[in-house]
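Heads up, the thing below is written out as structure tokens.
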Amino acid sequence: MEKRIVEYDIILKSDLQEKGTIDLDRIAFLAKSITNIAKGALQIRLGGISYKQGKKVSYLDNALKIKLKGIKESSTLLQLETQTFESTIRGIQINAFQPEVAEELPNQTPMSLFMLAYQEAFDDQDEEKDLLDKSLLKDLKDLKTFFKSNNEELIISNRSSLPELHLKKSDFEKIKLLEDRIPDPQNVVVNGIIDILEHSKSKVTVKTEQGNLYGNLTQKSQQEKIKDFWGKEATIYGVGHFKTNGKLAYIEIERIFESSQEDKYFSKIPFSESTELQIKKQLQKNPTKNWMNEIAGQWPGNETDEEFQQLLNNI
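Using numbering that gives the first Met the number 0, the first residue of the sequence shown is number 0, and each one after it goes up by one.
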């Protein structure tokens, strides 16, 4: 199959950088940030989790390759080229639970995933943000270090299919707020049918009555043990990690064992909302109500989580 090459431009507008030049340490930092974000965005599409522990997957090196073609004087313009994933990851299983992702990914590139990750983070209309998790948001936020002043700006474009991405230092505050909205991890117990994800020894899916979820195996002993449960019912215990909307993103599996009747009774896919998200929902239900008057002098206090939840429901 013929290679499909896509070209991109990155313009650095800066009063602190001589036009047509860029310091070597800055270009190295920018390159690493782009690669890390593209890798996380690709892995979340392939397996539901942006960060993968364990042995490096060999095909990623070629799939994430981006070449610098040249630097031109227009402020500073970096010319890049890369291949579509159709040319580099043929035959790799794409997340079966997101068919629209499987359809779009072959025509995308590492640079387009980099751009889309920021666009999703900045999109106020997208409450789900299914293709972001806490690890990927951290990578997005870390690029802030590249900017030497509030006036510097990066403009990324591919001259055609994607809207230009504009980044300034002030934009990263929104990503920090988004990261803060993600609920804290919590211990979870889930019962379901274990199914392995192809091309990965560290990720599995658990098919439950409430839907499918992802599990991440962090220890080699777990990878060996879980083979006995492929296609069978089992109970997994571990730490649940959540998305900004409160939905469970994945479970970091700590134990796997044969299911009992009690496990089935208590098992459920957890849902967690940050306090900020709960208050936002109440505001949407009662947009004209002065909810501050309702909780003034009452919160924070000594109430339990259940009492605080009831307080929010009554607003």
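Don't be surprised by glycine CBs; every beta carbon is placed ideally from N, CA and C.
Everything numeric in this text was worked out from a predicted model, so none of it was measured.
Closer than 7 Å by C-beta to residue i: which residues in its own chain qualify, once you throw out the five before and the five after it? Chain order, please.
| i | result |
| --- | --- |
| residue 25 | 145 |
| residue 38 | 59 and 63 |
| residue 225 | 193, 203, 216 and 255 |
| residue 126 | 244 |
Within its chain, find whatever has a CB closer than 6 Å to the CB of residue i; leave out the 5 residues flanking it on each side and keep chain order.
| i | result |
| --- | --- |
| residue 295 | Its pLDDT being 47, under 50, residue 295 is placed unreliably in this model, and the value from its coordinates should be taken loosely. The answer is none, since no qualifying residue turns up. |
| residue 318 | Because the chain here runs from 0 to 314, residue 318 falls outside it and cannot be looked at. |
| residue 242 | 248 |
| residue 389 | The question about residue 389 has no answer here: the residues shown for the chain are numbered 0 through 314. |
Just curious, the alpha helix (DSSP H) that residue i is in, first and last residue?
| i | result |
| --- | --- |
| residue 113 | 109-121 |
| residue 58 | 58-62 |
| residue 140 | 133-141 |
| residue 24 | 23-46 |
| residue 126 | Looking at the DSSP string, residue 126 is not in any alpha helix (DSSP H), and its letter there is neither H nor E. |
| residue 146 | First-last for residue 146: undefined, no H or E at that position. |
| residue 174 | 171-180 |
| residue 103 | 98-103 |
Quick check on the burial criterion: 16 or more other C-beta atoms within 10 angstroms. Buried or exposed for residue i?
| i | result |
| --- | --- |
| residue 170 | buried |
| residue 4 | exposed |
| residue 20 | exposed |
| residue 2 | exposed |
| residue 180 | buried |
| residue 124 | exposed |
| residue 244 | buried |
| residue 221 | buried |
| residue 35 | buried |
| residue 132 | buried |
| residue 162 | exposed |
Tell me which residues share the same chain as residue i and place their Cβ nearer than 8 Å to its Cβ, disregarding the 5 neighbours each side in the sequence.
| i | result |
| --- | --- |
| residue 230 | 192, 193 and 194 |
| residue 15 | 147, 148 and 151 |
| residue 137 | 178 |
| residue 130 | 40, 43, 44, 100, 115, 116 and 119 |
| residue 250 | 187, 189, 205, 212, 213, 214, 215, 235, 237, 238, 239 and 240 |
Which first and last residues belong to the beta strand (DSSP E) in which residue i is found?
| i | result |
| --- | --- |
| residue 254 | 247-256 |
| residue 151 | Run containing residue 151: none; DSSP gives neither H nor E here. |
| residue 80 | 75-82 |
| residue 222 | That residue, residue 222, is in no beta strand (DSSP E); its alpha helix (DSSP H) goes 219-224. |
| residue 6 | 4-12 |
| residue 232 | 232-241 |
| residue 194 | 185-195 |
| residue 211 | 210-216 |
- Assess, as a yes-or-no matter, whether the segment 177-189 is touched by the segment 228-240 under the definition of 3 or more beta carbon pairs within less than 8 Å. A contact is defined here as three or more CB-CB pairs under 8 Å, and the segment 228-240 meets this definition with respect to the segment 177-189.
- Is it a yes or a no for the segment 108-124 touching the segment 146-164, going by three-plus beta-carbon pairs under 8 Å? As far as the Cβ criterion goes, the segment 108-124 touches the segment 146-164, which means the pair count is three or higher.
- Message: Across the segment 58-75 and the segment 97-107, are there enough close Cβ pairs to call them in contact, namely three or more that are closer than 8 Å?
- Response: Flag = no, the segment 58-75 and the segment 97-107 do not touch.
- Message: Whether or not the segment 0-11 and the segment 69-84 are in contact is what I'm after, with contact meaning three or more pairs of Cβ atoms, one per stretch, closer than 8 Å; do they touch?
- Response: Because the criterion of three Cβ pairs below 8 Å is met, the segment 69-84 and the segment 0-11 touch.
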